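Heads up: the structure comes next, in structure tokens.
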């Protein structure tokens, strides 16, 4: 795996033993210039050559920089030359961002929560998400700037709900290649955004209880009126029956 700031070894191998009288050369880099000639490098702090066997030798780039990447490199023995391009991809190169995030913005407008931030000097392009109350929300790439290899990527997300749990920081996870980069950042919001929901819930519960009480009370009143009417009707029937009996006597 190629990483900026670490060593990179370039190997050169001959099918036959390398004769002592034949010169060894290395060329390459951003300007495809001469880097080493018979073990003498143009910059001893940057390059070092080692003979590994009678048929092989290698050039070490002590601290790889971005300008060393996506360039041709060639080793030469006498008139024989072997050239390859040092190309990078998601499988052989990774670079984590220098800082957690820049231009971090978290705001609320018209009931919508907006989150945006930028990751600088990163490769490959991260896939970022916000983890809020156990829910994962994927972020969208809103801007992308590429230098030679590294990327500056801006992400954005809009949500109708807060992107944090009350009194806890915002947590963002970015998958960069096969590595996970976690960003935890504080915010200036308190718990006010969650209070209206709680108050609405309490109000709804109160209304439901009152409504149930009124319905029960109406049922009791209707039942009482019905029983009262039934009792009056029953008493009337008894009175009529008694009167008839009296008349019969």
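In UniProt numbering, the protein residues as written are 1 to 249. Just so you know, even glycine gets a beta-carbon here, dropped at the ideal spot from N, CA and C. Owing to the predicted nature of the structure, the values given are computational and were not obtained by experimental measurement.
Would the beta-carbon of residue 74 fall within 8 angstroms of that of residue 82? Contact flag set, yes.
In whole angstroms, what is the alpha-carbon distance linking residue 17 and residue 138? Here the C-alpha atom of residue 17 lies approximately 57 angstroms from the C-alpha atom of residue 138.
Near residue 4, which residues of its chain fall below 6 angstroms by C-beta distance, leaving aside the five closest residues on each side in sequence? These residues qualify, in order along the chain: 64, 95.
Determine the closest residue to residue 28 out of 220, 19, 20, 41, with distance taken between C-alpha atoms. Ranking the options by Cα distance to residue 28, first place goes to 41.
Where residue 79 sits in the DSSP three-state scheme: In the three-state reduction of the DSSP assignment, residue 79 falls in the coil class.
Looking at residue 174 and residue 115, is the spacing between their C-beta atoms short of 8 angstroms? The answer is no: Cβ separation not under 8 angstroms.
Which residue from 141, 124, 86 puts its Cα closest to that of residue 178? It is 124.
Beta-carbon spacing of residue 171, residue 131 below 8 angstroms: Judged by beta-carbon spacing, residue 131 lies within the 8 angstroms limit of residue 171, meaning their Cβ atoms are closer than that value.
Just verifying my parser: in three-state terms, what is the DSSP assignment at residue 1? Looking at residue 1 - three-state DSSP - the assignment turns out to be coil, as it is neither helix nor strand.
Selection from 208, 31, 48 that minimises the alpha carbon distance to residue 38: The closest CA to that of residue 38, considering only 208, 31, 48, is found on 48.
Answer yes or no: do residue 30 and residue 71 have a C-beta to C-beta separation smaller than 8 angstroms? With respect to the 8 angstroms criterion, residue 30 and residue 71 are classified as neighbours on the basis of their beta carbons.
Which term fits residue 36, buried or exposed, when burial requires 16 or more other beta carbons within 10 angstroms of its beta carbon? So residue 36 ends up on the buried side.
How would you call residue 23, buried or exposed, if buried means at least 16 neighbouring beta carbons within 10 angstroms? By the neighbour-count rule (16 or more Cβ atoms within 10 Å), residue 23 is not buried but exposed.
Whole angstroms are fine: how far does the CA of residue 1 sit from the CA of residue 51? C-alpha of residue 51 to C-alpha of residue 1: approximately 23 angstroms in a straight line.
Does DSSP put residue 139 in a helix, a strand or coil? When DSSP states are grouped into helix, strand and coil, residue 139 belongs to the coil group.
Bridge partner(s) assigned by DSSP for residue 131: Its beta-bridge partners are 136, 171.
As assigned by DSSP and simplified to three states, the class of residue 30: Per DSSP, reduced to three states, the secondary structure at residue 30 is coil, with no helix or strand assignment.
Just to confirm, does residue 93 get its C-beta within under 7 angstroms of one of the non-hydrogen atoms of the ligand NAP? Among the ligands in the structure shown, none appear at all, so the ligand NAP cannot be discussed.
Hey, residue 99 and residue 25 are a contact pair by Cβ (cut 8 angstroms); roughly how many whole angstroms apart? Contact doesn't hold; Cβ gap of about 40 angstroms is too wide.
If you draw a straight line from the alpha carbon of residue 19 to that of residue 55, how long is it in whole angstroms? The straight-line gap from Cα to Cα measures roughly 9 angstroms.
Local conformation of residue 53 per DSSP, three classes: Three-state DSSP puts residue 53 in coil, outside helix and strand.
Nonlocal neighbours in the same chain, by C-beta distance under 8 angstroms from residue 92, ignoring five residues either side: So the qualifying residues of the chain are 1, 2.
I'd like to check one pair, residue 122 with residue 150: are the Cβ atoms closer than 8 angstroms? It is a contact, given that the beta carbons lie within the stated cut-off.
So, with DSSP's three-state summary, where would you put residue 156? In the structure shown, residue 156 sits in a strand (DSSP, three-state: E or B).
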